[in-house]
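Per this note's numbering, the very first residue in the sequence shown carries number 52; after that it's consecutive. These notes are about the structure you will find just below.
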Amino acid sequence: MTAMRHVPPIFTLTILAVLSSTATAAGPETLENPLLRVTVDPQAGTLGVLDKVSGQQWFSAHARKPGDAPRFRNLSRLPGADAAVRFEADFGATDGRPNTLQVTLRLPPEAGDLLVEADMADRDTRIKPFAFLDPLVTDSAENALVVADYSNGHIYPANTKKPVRSHFATSRMDMPWIGVCDLARGTGYLVLIETSDDGAVTCPSHTAAGRDFAAPQVQWGPSQDKFAYARKLLYHFAPRGGYVALAKRYRAYACEQGLLVPLSEKVKKNPNLPRLFGAPDVWGDASLRFAREAKAAGVDKMLIHGRPSPADMKAVNELGYLTSEYDNYTDVLPIEPTRGIDSSHDRIPESVVLKADGQRMTAWLTFDKKQQYMKRCPALWGETAKQVVPKLLAEHPYLGRFVDVTTAEDLYECYDPLHPLTRGQKRQCGVELLAFMRSQGLVVGGEHGIWWGVPQQDYIEGMMSGGYYSWPAGHLLRPKTKADQFDGPWGNKYGAFETYEQWGIGHASRLPLWELVFHDCVVSTWYWGDASDFLLAAAPEITPKKDACNILYGTIPLLWASREGSWHTARDVFLRTYRNTCKLHEVIAGAELLSHEWLTEDRAVQRTRFSDGTEATVNFGAQPHAVTVAGNSYLLPQNGFAVKGPKIEQSLVLDGRRAVTTIRTADYFFSDAQGVDLSMRRDGSERVSVQLGAGETPVLLPLASFVPGWDGTSTRLYQLNDKGERTRLVASQPRDGGLAVGPFAQPAMIEALCGSKTHLPDLVAEAADLSATPERTKQGQPLNVAASVRNVGNASADNVEVVCYVDEVRPDRKLAGQGVSLAAGTTQVVRFAVDTAGLDGSRELIVAIDPDAKVKELCAANNIARRTVDITADYTRWPHRRKLVVEAGPMDRDGQPVVVPADLAGADPASVRVVSSDSPGGMPTPVPAQLDVVEGKPAELCLLFEGKTPSGASRRFTVLWADRPADGKPGLVLAPRAGLWHSESATITAETYRVRLEDGALVDLAARHGDQADTAFLSKLIISSSHTGWTDEPGTVGRCEVLAAGPARVVIAVRKALKDEVVYEKTYTFYSRRFDVQTSVNKYAGTLSRAYYVQTGQYVDNGGLRAVVDGRGDGEGVIGKNRKPLWYAVYADRWAHACVGLSTFHGITYWDAGGNWGGIGLDTSDRQGVRMSYVIHPGAKDAEFAETDYRQLADPPKARWE
């Protein structure tokens, strides 16, 4: 810390000349100013301090016996304005030689400070760690230690023989001070270690004045084996104010050292920083889809970590969110072939820290102990970052950067002659790395906080957490119950959950020491493995307690949007945490935390005050407690709160027996007083965004009271979809000065408009008003279509086109159209006569108003009405036909697809139909089929072998087609309706499953039961490797093309560039009960299709290996055991699937740990044409289905032309 200190007169410490150790002992000396009297007894080697304001006395815990040699030698006074003395003393020994120090004590004229400096005559003297001055104690029985020990702050009992913690490395103390408080009197002192790079604080227990007392004693350590530099302490004695006064003394010191850089100053240099204020810190999903869903759900601000495509990232930024990414320059792996040095790879061992014992320093170890990272020397951090970050920012428009480890780890030395470092130099390397990130215009975050990082950091993960985890938080392994026990990869055992409850999250042991110093300088949140929602399975009551802590401290939450996170498992919790904590932080982010106090003896009720006038009171206790805030009385339940400030008022209080939450700011309102969640956001004077929870009774929207001057007569309410788009007009009724809406069976998002915002038409077509006659139509018979078109807007619409389409809204599917004009509030019936000569089978009639969007209106999503009609085909119209025989072969068949080469010369693919020749009564029965013609490949006919066909049997079909029409001419019939692929949502909805294509990968695989799909059981299927990403597939999609989409299958081709110049091409082929994946890759890329799960399932493979997929294991005896895998299966009661290898594979990857369950995939060294099939079932009791699936795919039905 020496390099940080600018030496004002009040803190000037004299470097002493060498004193003679043979001088006779002097008597006690006294230093005095108006606040303190300090007595130095050289014979006893003690200090005595009288706080003259409070009368409190502090004294050294140890004293020499009478007659012993003086402990402090050559005690003498020093000249000058400050009262000062100096003496010589021995403090321990190194290699049998005493550690002789010259010590100066100085008392400034008008301060409650005692300055201490220790030096050696020869600073090159070799030393080992040694204890310095004895700890100071007092005669009180209610003393406590206060320290920010890898936490916002803890308060530990001091009157004890067994202190909770008794050792702190000064180089890793979040703030380099520790305090002692007399809780009965409100007095106390701090020991500020000004030179904190090489040392420690121990808190041994002593017996003093008849009491046990654990008090802090500083130890000095070597710098590169030497004493190296003068060591400095500052004692401050507070006559009142306890730990708050001590924290404020350090704040003043930090300001003098240039450490106190408020957010208000940082904003001037980075206009994106306000995006952080009131933003939850979110990990687990950085996709544009998630960002849009969150925005639509009312999450106004968000800090999102991850790497979507550059275009998607730009769109996320445009939503007002703050995009950031994990980065780590400390933990490295060897450079891999074709790769250079980057943030996580370097030359090993050359670039690794060399320890004093000649060994290279290890770093992170994965939970399976299979991958040991090494510690890159900090001297190389800065240059590496300069090679990585500018190149990244040239491609991806990040607004932030999260730098892991740098501010979380301790200081250490490097003895490599090519990059040697002292601890102090290592600290400076951290400052320079963070400063470089800031120079790139980024909002800078980091893991855990430390004093020297504050000027360069904007947010810190971990400061709200208190440690004492009973689970592997760093490895992101979630406990399922409080009783879960874990062994760490380093052989460590995690403690009991009760210890975490007491010291990690216990309200009686926590203090906001960090926030009292740095709240207005840097934004704090939880550690990612101790996130706000991390313990929902094991201890759901912890989440609202953490919310209450955020409110009390004025900080932000950390939440997970991964499949295990609350966004998916408990979205109401995610949104509750967001609104209860973030609206407050948004208005007080830049305010100083002035005070913290306990309002009850059990410390359950606590209060904080901020410099802007905001006051927050929280009740952590199990019993309700009445409080008064700003003159108003509140009855707070457990984790209830009452907050009042100039810009916000919010509370969680008891109303009778029910807890009611209310939040009010100038542009935001939330209340659940009506029994459902109601939130409203104001956007000017004519627009309000509303979020409503599900309920059974109507909800009153108090728009007029929320927005002064709101025009109720012109109000229009529209329901929104997940993208924030208007979908339909919401009916409302005036009531009690507001508008009553609902109820809604599912949470609803509504946009309220009035005044000029509603001066547009709103044209509506509804399915209930769409008719088609006759009901049974034969091909070629006219079809009469009628539709009602309404204008429910506040303006007329003139000459609007209304069009009737079939199956899809696109020009080649247009059947008829006409123009209409509608005044506001009117309805008109439009009629069409549809020629069915080119139509057959099940068709969807679509009536669309203004399909080309020429009319600006309030809502366009309600412009379409749909109705399904069945048109009996006249197969005599088809000029060509050919017989096809399909043989079941040696096993029973049930609904398998059949693919056969089809040389149908000159055929129009749209005209191809297949009918069963074996239908009862001889009536031709259409079979789902399609002819796929892909450039460069032979044409293929795909049909479904519908129904059950016994082994040995054969089925006969007739294939019909017409010739390809001349250019510009219509074909005989339109292509059949494609029911599997939904382009607007990039979703496949098949008979037994639903899956979505996102960023080139398959996600959200769910089993279907009838017409409904369950929640997803599989979160993603991705390429997985150390260099492309184990659990995510960040990259850029160069191609995503639908090659075929019909009633029997969908074929989609994807090309995607990943990290490390890996490029893959995948072809997904989707059938009614399965989908096939074929992969080619330009270089080794690990597991080519790895499945991650979000529900518990049973694993079985063809080798008989079994495991439980639940995120609780690792390799579980599966990984690498089956050397000839044919299939594996994972199943549960409501879902099941088999993965069948269609190529040759040599092993199975399996890693079921952390937030990404399963991690299962078939492994091969092949890089071209690797094929596998996923067969989906609606649940299973055992894995017999998988063997059947394998046999069906290994020996499919055979087709032959006749």
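The C-beta atom is built at its ideal place from N, Cα and C for all residues, glycine as well.
Item: Just to confirm my understanding: we take VAL1054, look at its own chain, exclude 5 residues before and 5 after, and list those with CB closer than 6 Å. What are they?; Value: ARG1047 and LYS1071
Item: For LEU1156, which option in GLY1148, ARG1163, GLU1167 and LEU771 has the closest C-alpha, if you only look at C-alpha atoms?; Value: GLU1167
Item: By DSSP, does THR53 sit in helix, in strand, or in coil?; Value: With a pLDDT of only 38 at THR53, under the threshold of 50, the placement of this residue in the model should not be trusted, and no figure is reported.
Item: Starting from the C-beta of ALA76, find all residues in its chain whose C-beta is less than 7 Å away, skip the five residues before and the five after it, and write them out in chain order.; Value: For ALA76, the predicted model reports a pLDDT of 49, less than 50, meaning its position is unreliable; a value from the coordinates is still stated below. Answer for ALA76: PRO93, GLN94, PRO121 and ARG124, listed in chain order.
Item: Provide the residue span of the beta strand (DSSP E) that contains TYR1144, from first to last.; Value: 1138 to 1144
Item: Would you decide whether CYS600 is buried or exposed? Buried here means 16 or more other CB atoms lie within 10 Å of its CB.; Value: buried
Item: Have a look at GLY261 and THR238 and give me their C-alpha separation to the nearest angstrom.; Value: 20 Å
Item: Using CA atoms only, rank isn't needed, just tell me which of ALA337, HIS526, GLU552 and VAL1151 is closest to THR39.; Value: A question about residue 39 goes unanswered here, because the residues of the chain that appear run from 52 up to 1253.
Item: Leaving aside the five residues before and after ARG1218 along the sequence, list all residues of the same chain whose C-beta is less than 6 Å from its C-beta, in chain order.; Value: VAL1132
Item: How should VAL69 be labelled, buried or exposed, when 16 other C-beta atoms within 10 angstroms of its C-beta is the threshold for buried?; Value: With a pLDDT of only 32 at VAL69, under 50, the local geometry of the prediction cannot be trusted, and no value is derived from it.
Item: Rounded C-beta distance between VAL750 and ALA724? I'm assuming under 8 Å.; Value: Contact flag wrong, Cβ pair sits at about 10 Å.
Item: Opposite SER1034 in the DSSP bridges: which residues?; Value: In the DSSP output, where bridge partners are listed per residue, SER1034 has none listed.
Item: Below 8 Å on the Cβ atoms is my guess for HIS636 versus GLY329; work out the distance and round it to an integer in Å.; Value: 5 Å
Item: Thinking just about the alpha-carbon of each residue, which of GLU1235, MET412, PHE692 and GLN536 is nearest to the one in LEU589?; Value: Inspection of the sequence shows that residue 589 is occupied by Ala rather than by Leu. For ALA589, the nearest C-alpha among the options comes from GLN536.
Item: Answer with buried or exposed for HIS205, where buried requires no fewer than 16 other C-beta atoms within 10 angstroms of its C-beta.; Value: buried
Item: Where GLY1192 and VAL505 are concerned, what is the direct C-alpha to C-alpha distance, given to the nearest angstrom?; Value: 54 Å
Item: Taking a contact to mean a Cβ-Cβ separation below 8 Å, would you say THR1195 touches ILE1211 in this structure?; Value: no
Item: If we count the other Cβ atoms within 10 Å of its Cβ and call it buried at 16 or more, is ARG1007 buried or exposed?; Value: exposed
Item: Using only alpha-carbon positions, find the residue among TRP334, PRO361, VAL624 and MET515 that is nearest to GLU566.; Value: MET515
Item: Could you give the first and the last residue of the continuous alpha helix (DSSP H) run that contains CYS480?; Value: 474 to 490
Item: Go ahead and pull the three-state DSSP assignment for PHE1068.; Value: coil
Item: Between TYR1122 and the rest of its own chain, which residues show a CB-CB distance below 6 Å, the 5 nearest in sequence each way excluded?; Value: PRO948 and ARG1100
Item: Hey, out of TRP1202, PRO563, GLY1086 and GLN701, whose CA is closest to GLU446's CA?; Value: GLY1086
Item: Report yes if the CB atom of ARG894 is closer than 8 Å to the CB atom of SER730, and no otherwise.; Value: no
Item: Just the C-alpha distance for LEU311 and TRP502, rounded to the nearest angstrom, thanks.; Value: 9 Å
Item: Since LEU790 sits in a beta bridge, which residues does DSSP pair it with?; Value: LEU752 and PRO785
Item: Is it right to say SER72 is buried, meaning 16 or more other beta carbons lie within 10 angstroms of its own, or is it exposed?; Value: Because SER72 sits at a pLDDT of 35, beneath the cut-off of 50, its placement in the model cannot be relied upon, and the point is left open.
Item: May I ask you to report which of helix, strand or coil DSSP gives ALA1095?; Value: strand
Item: In the DSSP output, which residue or residues are listed as bridge partners for TRP1012?; Value: HIS931
Item: Taking buried to mean at least 16 other C-beta atoms within 10 Å of its own C-beta, is TRP541 buried or exposed?; Value: exposed
Item: For the stretch 293 to 356, list the beta strand (DSSP E) runs that are entirely contained and at least 3 residues long, ordered along the chain.; Value: 332 to 334 and 354 to 356
Item: Which whole-angstrom value describes the C-beta separation of ALA667 and VAL638, a residue pair presumed to lie in contact below a C-beta threshold of 8 Å?; Value: Actually they are not in contact, since the Cβ atoms of ALA667 and VAL638 sit about 12 Å apart, beyond 8 Å.
Item: Tell me the residue span of the alpha helix (DSSP H) that contains SER617.; Value: 617 to 620
Item: Classify GLU1235 as helix, strand or coil using the three-state DSSP reduction.; Value: helix
Item: Rounding to the nearest angstrom, what Cα-Cα distance links ARG157 and ASP133 in this structure?; Value: 6 Å
Item: Taking ALA899 as the reference, give the member of THR976, TYR578, ALA939 and GLU852 with the closest Cα.; Value: GLU852
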